[in-house]
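Reviewing the structure listed below.
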Amino acid sequence: MKISAKTEYACIAMLELASRYGSGEPVRIRKIAERHDVPPRFLVQILLQLKGAGLVASTRGAAGGYHLLHPPERVSLGEVMDVIEGTPSNGNGKGCSASPDSPAVKVLMQAWQDVRSVER
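Numbering of the sequence shown is given in numbering that gives the first Met the number 0, commencing with residue 0 and proceeding in unit increments.
Here it is as structure tokens:
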């Protein structure tokens, strides 16, 4: 099972935002791009798509950036994949075509669980 670069970058961005959830400071695109070697222009498009889906919000200005709209435990990586890939979602990631047994999904799910455990 192959995951597109766009979906991979979206998951990376969401994990980065989840790790900073509740800090009160938005995360700048440049910071995510540099930290994870993601093309900033591509990341802008991805975050706008996630914003349109109601998963993230943006703050304008010099201290602006992006933040999650919901607690990390309420957003599944499957839902993120659904938004990016354009597959129908029922909000719990069940619309994701990725096999739960695929190595990529296992790694992403472990990362998501790690983020959730830090938040608690």
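Each residue gets a CB set at the ideal place from its N, CA and C atoms; glycine is no exception.
Here ALA56 carries a strand assignment [DSSP, helix/strand/coil]. The criterion of a C-beta distance shorter than 8 Å is not satisfied by LEU67 and ALA12. Assigned with DSSP and collapsed to three states, TYR20 falls in coil, not helix or strand. If you look at LEU67, you'll find it in the beta strand (DSSP E) that goes 64-67.
The alpha-carbon of PHE41 is positioned some 12 Å away from that of GLU7.
By the neighbour-count definition (other C-beta atoms within 10 Å, threshold 16), GLU24 is an exposed residue.
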